[in-house]
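J.: Numbering of the sequence shown is given in UniProt numbering, commencing with residue 1 and proceeding in unit increments.
Glycine is no exception: its CB is placed at the ideal position from the N, C-alpha and C atoms.
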Amino acid sequence: MKFYINDLPVYFPYQSLYKEQLEYMKDLKLILDNQGHGIIEMPTGTGKTVCLLSLISSYLLQNQGKFKKLLYCTRTVVEMEKTIEELKFVLENTKKYILEEKREFKFLCTALSARSNLCINPLVQNQQKKEKIDDECLKLTAKWVRFRGEKGEQKLCTFFENFEEKKEEIEFKEGIYNIDDLKEIGKQKNICPYFLARKLVNDSNIVVYNYMYLLSPQMKDIINKSLQKDCIVVFDEAHNIDNICLDVFTVNINKRLLDSAYKNVEQLELKIDNMKNQSQQSLENEYKQLLNGLKKKILLQKNNFYLLIKGVFEELAKQSIPLQIRLAKPFVLFLKKILMFLKNKLKEKNCINQDPPQFLSDMQIQNHIDQTSLKFAEERLSQLFMSLEITDNDEYVAITTIAQFSTLLAMNQRGFKIIFQPSPLDGSLSDPLLTFTCLDSSLAIQNVFKEYASVILTSGTMSPLDIYPKILNFNPFMLKSIDIELSRNSINPIIVTKGLDFTALSSEFEARQNMTVTRSFGALLIDISKICPDGIVAFFPSYRYMEQIIFEWDQDGILDELRKYKLVYFESKDVAQTSQSLFHFRRACDYGRGAIFFSIARGKVAEGIDFNEQYGRCVIMLGFPVQNSNDPILLERVKYLTENFKVTKNEYIEFDAMRQCAQCLGRVMRGKNDYGLMIMAEKRFARSLVKKKLPEWIKKQIKDYNVDISSEVVSAIAVNFFKEMGQEFIMNDKSFFNQQQLLEMQDILQIKQSSIDENLQLQIQYNQQLNIDEKNQVFQEKIIVDSNNQNEEQIYKNISKKFAKKRKK
1 MKFYINDLPV YFPYQSLYKE QLEYMKDLKL ILDNQGHGII EMPTGTGKTV CLLSLISSYL
61 LQNQGKFKKL LYCTRTVVEM EKTIEELKFV LENTKKYILE EKREFKFLCT ALSARSNLCI
121 NPLVQNQQKK EKIDDECLKL TAKWVRFRGE KGEQKLCTFF ENFEEKKEEI EFKEGIYNID
181 DLKEIGKQKN ICPYFLARKL VNDSNIVVYN YMYLLSPQMK DIINKSLQKD CIVVFDEAHN
241 IDNICLDVFT VNINKRLLDS AYKNVEQLEL KIDNMKNQSQ QSLENEYKQL LNGLKKKILL
301 QKNNFYLLIK GVFEELAKQS IPLQIRLAKP FVLFLKKILM FLKNKLKEKN CINQDPPQFL
361 SDMQIQNHID QTSLKFAEER LSQLFMSLEI TDNDEYVAIT TIAQFSTLLA MNQRGFKIIF
421 QPSPLDGSLS DPLLTFTCLD SSLAIQNVFK EYASVILTSG TMSPLDIYPK ILNFNPFMLK
481 SIDIELSRNS INPIIVTKGL DFTALSSEFE ARQNMTVTRS FGALLIDISK ICPDGIVAFF
541 PSYRYMEQII FEWDQDGILD ELRKYKLVYF ESKDVAQTSQ SLFHFRRACD YGRGAIFFSI
601 ARGKVAEGID FNEQYGRCVI MLGFPVQNSN DPILLERVKY LTENFKVTKN EYIEFDAMRQ
661 CAQCLGRVMR GKNDYGLMIM AEKRFARSLV KKKLPEWIKK QIKDYNVDIS SEVVSAIAVN
721 FFKEMGQEFI MNDKSFFNQQ QLLEMQDILQ IKQSSIDENL QLQIQYNQQL NIDEKNQVFQ
781 EKIIVDSNNQ NEEQIYKNIS KKFAKKRKK
């Protein structure tokens with residue numbers, strides 16, 4: 001249908017619209033009208049994606065001079081594919097209306113993913129490891145490989161060569177292309193789909209790709225370098241965006257990585273010696289190539305226009321690059337010194353927390369490693385790989401990681417910490433870990449806020465909203481949590497705090513050895529399994545806690561009792577194994593047998609798997625999903641947040657726990673006709689300050705009599721809930737609008753606006769007349785003043801008061 005939000009025609013692909021959808025689109029329009037940034041929480045299962053795409057595509061069509069492009073960022077390939085399918089549906093509907101209006105419709109949209117997802121070369125795509133596909137691609141497309149190929153000495157990728165030959169002729173004016181579409185075009189035209197997608201990014205109205213294409217500095221420079229400010233950016237499912245930003249600049253180093261890096265260095269030395277024997281000229285030209293590479297990088301820096309003066313590049317580079325890394329052999333020795341220093345660090349017996357300047361000082365004193373050389377480590381290694389014609393990048397991941405760590409360390413002083421842990425927190429076998437950790441989420445995303453006109457963060461579970469502007473360090477135009485209108489009480493959140501013998505339910509470390517607590521969790525699950533139809537999803541705070549509880553349940557016979565009512569499946573750290581478990585879980589639900597799926601808060605299942613309809617009739621939080629409060633990285637981060645953004649330790653830890661909880665609870669509510677029981681089994685959920693951190697659409701469904709209850713009461717609540725949900729249900733007409741209602745609302749708004757405009761015009765005319773009358777009276781009074789020598793100032797004041805009263809009326 002077509003309806004209006006103020007003066008904007010919106011093309012929506014359904015015949016009715018939920019109230020919350022209309023509110024969401026109005027808020028999006030307001031953000032775009034003001035070219036600001038915003039955070040909007042939209043309840044799960046209410047059509048958030050279709051609203052985003054409908055409103056923004058309509059806005060792009062209407063305001064082509066204001067915004068040119070939508071960059072829609074997703075976390076996973078699955079989410080990206082879903083978004084493209086929604087986009088096809090939305091734009092097919094829009095096209096129908098535009099053509100009826102006899103207007104031209106040209107909309108170009110593309111997905112962009114990694115080479116491993118887009119490659120169609122049979123020699124490359126058959127690699128078992130995805131990482132290998134990048135290497136195999138490089139072996140066929142690198143400059144030196146192509147140079148040899150021209151002489152017939154090397155096999156090349158025909159798809160890439162054809163693309164390079166035809167790329168100037170390739171032109172797509174409209175169409176919506178997902179990964180499969182791009183691959184199909186590649187096969188038909190015999191061109192590379194990956195490089196085709198990269199070309200389409202510049203020409204498309206809408207681009208759908210991963211977060212990293214905007215947050216990672218390396219990927220951002222390659223893909224988005226020609227994009228202008230007039231872009232709308234959407235980060236979908238953005239509830240964990242701060243953690244994703246931290247990961248961009250975080251590097252972990254352990255003994256295994258250092259051992260691999262040493263092997264890499266030895267391989268580099270051999271290759272350098274071999275090349276010296278074969279082609280001395282290649283190594284002599286290497287330094288010149290490094291200078292040229294730096295020259296190009298400086299050209300890309302927008303704020304360095306003064307460097308365009310002839311000769312400044314070479315002079316700057318010569319002064320910057322230390323002697324010890326200019327040539328290949330000394331650079332490899334330099335890398336060895338870094339590895340030696342890090343290896344000694346891993347031998348420390350105590351935890352170490354250092355700022356980058358302290359760490360750099362230790363490197364200088366102990367191994368004579370200077371900061372300037374470290375700055376160029378990553379770029380210098382990349383140039384060495386090119387000189388040695390190395391294409392097996394996967395084989396050199398370890399030394400590349402060390403070079404990246406060195407550059408990050410040397411270039412970033414504030415908002416980072418180096419933390420050494422001699423043994424893991426989970427008590428497993430000793431594996432010393434050195435982490436260069438980013439403490440400030442804003443560092444990765446600040447340029448996105450600066451470079452693009454409107455940035456929108458959205459998700460179903462972003463409460464409490466006010467913490468995001470603090471930790472991401474930006475000023476949003478809008479912060480909004482949208483409520484949901486339900487025709488029946490289809491979600492029923494319950495907070496259970498007491499188990500068997502009224503023992504307090506807790507997942508705190510001290511309570512984990514209490515067998516009564518463990519049995520209470522098991523008894524609660526058994527009771528629910530007897531009542532709940534179809535699927536149950538249970539979330540633990542961590543893998544370690546899940547393994548401990550499951551082991552004790554197995555010993556106690558609780559698992560055997562559970563299996564009488566439901567089949568039991570588990571999430572594991574192995575992705576393939578988890579996928580298999582999910583397949584069998586769904587199958588058990590489809591066949592009416594019913595099943596329980598045990599998962600982890602913050603795990604893959606909690607973040608990306610929907611348990612709609614029969615797959616999720618009940619979700620249970622078995623414990624409070626808080627991070628380990630003894631984690632030194634977490635402690636350093638909350639200390640940084642407190643000092644710089646006034647976010648206290650408890651505020652952040654509770655915020656993080658409750659957003660994870662909300663994400664888990666939201667897995668079972670995937671539509672307004674869906675229903676599910678939500679059980680939070682842990683005493684800390686009952687705290688008033690903790691409850692307030694839940695999204696509004698969950699919080700308002702919590703009844704006072706369902707808080708701080710014992711596990712014995714839950715059965716009666718569950719029986720009544722599922723009995724009510726089993727009744728025949730017709731959705732309330734008042735919960736949505738059809739096209740006629742929206743048009744009538746628009747007419748009413750126009751009448752109101754017309755009335756407001758008319759009154760405003762009358763007011764302006766009246767004030768204008770008053771101004772004339774006031775001036776006339778002042779003139780007359782002035783004559784009297786002049787003739788009678790009265791107090792002129794007092795008379796003016798009296799006149800002003802008199803006319804002010806008239807204006808007020």
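From the DSSP output, in three-state form, read off residue 831 for me.
T.: The question about residue 831 has no answer here: the residues shown for the chain are numbered 1 through 809.
J.: Once you ignore the five residues that flank G175 on each side, which residues in its own chain have a CB closer than 7 Å to its CB?
T.: Excluding positions up to five away in sequence, the list reads L108.
J.: Where does F685 fall in DSSP's three states?
T.: Three-state result, F685: helix.
J.: Can you list, in chain order, the residues of its chain whose CB lies under 6 Å from that of P356, leaving out five sequence neighbours each side?
T.: Cβ within range, chain order: L409, Q413 and F416.
J.: In whole angstroms, what separates the C-alpha of D708 from that of K26?
T.: If I take the Cα positions, the gap works out to 38 Å.
J.: Considering just the uninterrupted stretch of the alpha helix (DSSP H) at I471, what are its terminal residues?
T.: Its alpha helix (DSSP H) spans residues I467 to L472.
J.: On a Cα-Cα basis, can you pick out the residue from C351, N353, I352 and Q366 that is closest to F341?
T.: Among C351, N353, I352 and Q366, the Cα nearest to that of F341 belongs to Q366.
J.: Using the C-alpha atoms, what's the distance from R586 back to G671?
T.: Cα to Cα, the separation comes out at about 18 Å.
J.: Using a Cβ-Cβ cutoff of less than 7 Å, which residues in the same chain neighbour F331 once the five nearest sequence positions on both sides are dropped?
T.: Excluding residues within five positions, the ones whose Cβ falls inside 7 Å are I325, R380 and L384.
J.: Return the residue from the list K263, F436, A328 and V713 that minimises the CA-CA distance to K345.
T.: If we check each option's Cα against that of K345, F436 comes out closest.
J.: Going by the CB atoms, is the gap between K375 and M411 shorter than 7 Å?
T.: Taking 7 Å as the Cβ cut-off, M411 and K375 qualify as a contacting pair.
J.: In this structure, does DSSP put L214 in helix, strand or coil?
T.: In this structure, L214 counts as helix in the three-state DSSP scheme.
J.: Since L562 and L525 should fall inside the 8 Å C-beta cutoff, what is the C-beta to C-beta distance between them, to a whole number of angstroms?
T.: The Cβ separation is near 6 Å, so the contact holds.
J.: Give the secondary structure of Y72 by DSSP, where H, G and I count as helix, E and B as strand, and everything else as coil.
T.: Strand at Y72.
J.: With distances taken from CA atoms, which of A453, Y4, I40 and T44 is nearest F611?
T.: Ranking A453, Y4, I40 and T44 by Cα distance to F611 puts T44 first.
J.: Let me check understanding here. Comparing Cα to Cα, which of V124, K19, Y177 and A328 lies closest to E85?
T.: Cα-wise, what sits closest to E85 is Y177.
J.: Take F729 and list the residues in its own chain whose beta-carbon comes closer than 8 Å to its own, dropping the five residues that flank it on each side.
T.: Excluding positions up to five away in sequence, the list reads S487, R488 and N673.
J.: Within 10 Å of its beta-carbon, does Y468 have 16 or more other beta-carbons around it, so buried, or fewer, so exposed?
T.: It is buried - the Cβ of Y468 has at least 16 other Cβ atoms within 10 Å.
J.: Would M546 and E41 be called neighbours here (beta carbons separated by less than 7 Å)?
T.: Not closer than 7 Å, so no.
J.: What is the DSSP secondary structure of L17, reduced to helix, strand or coil?
T.: Strand.
J.: Should E104 and S459 be called a contact, given that it needs their Cβ atoms to be closer than 7 Å?
T.: No, the pair does not count as a contact, with Cβ atoms beyond the cut-off.
J.: Quick one: using the 10 Å Cβ neighbour count with 16 as the cut-off for buried, is Q15 buried or exposed?
T.: That one is exposed.
J.: For F195, which option in E168, W697 and M515 has the closest C-alpha, if you only look at C-alpha atoms?
T.: The residue with the shortest Cα to Cα distance from F195 is E168.
J.: Can you have a look at F12 and say buried or exposed, based on whether 16 or more other CB atoms are within 10 angstroms of its CB?
T.: Classification for F12: buried.
J.: Please name the residue in K69, L694, N514 and A444 whose C-alpha comes closest to that of L246.
T.: Answer by Cα proximity: A444.
J.: So the beta strand (DSSP E) Q421 belongs to, where does it begin and stop?
T.: It spans F416 to Q421 - the beta strand (DSSP E) in which Q421 sits, taken as one unbroken run.
J.: Per DSSP, what kind of secondary structure is M1 in: helix, strand or coil?
T.: Here M1 sits in coil by DSSP.
J.: Measuring CA to CA, which of Y675, V719 and I120 is closest to C157?
T.: Of Y675, V719 and I120, the residue nearest in Cα terms is I120.
J.: In whole angstroms, what is the alpha-carbon distance linking E269 and Q358?
T.: If you take the alpha carbons of E269 and Q358, they lie about 31 Å apart.
J.: Which residue marks the beginning of the alpha helix (DSSP H) containing T372, and which one marks its end?
T.: Unbroken alpha helix (DSSP H) run through T372: Q371 to K375.
J.: D236: beta carbon under 6 Å from a heavy atom of the ligand FMN?
T.: No copy of the ligand FMN occurs in the structure displayed, which carries no ligand at all.
J.: Which same chain residues, not among the five before or five after P432, have their C-beta less than 6 Å away from its C-beta?
T.: Correct list, in chain order: L346 and P422.
J.: Any chance you could list the alpha helix (DSSP H) runs of at least 4 consecutive residues sitting entirely within the region 333-401, in chain order?
T.: As far as the region 333-401 is concerned, its whole alpha helix (DSSP H) runs of at least 4 residues are 356-367, 371-375 and 377-387.
J.: Take every Cβ of the region 471-484, pair it with every Cβ of the region 660-667, and state whether three or more of those distances are shorter than 8 Å.
T.: No: the two stretches stay apart, fewer than three of their Cβ pairs being nearer than 8 Å.
J.: S599 to P625, Cα distance in whole Å?
T.: Whole-angstrom Cα-Cα distance: 12 Å.
J.: Just to confirm, is the Cβ distance from D242 to S441 under 7 Å?
T.: Taking 7 Å as the Cβ cut-off, D242 and S441 qualify as a contacting pair.
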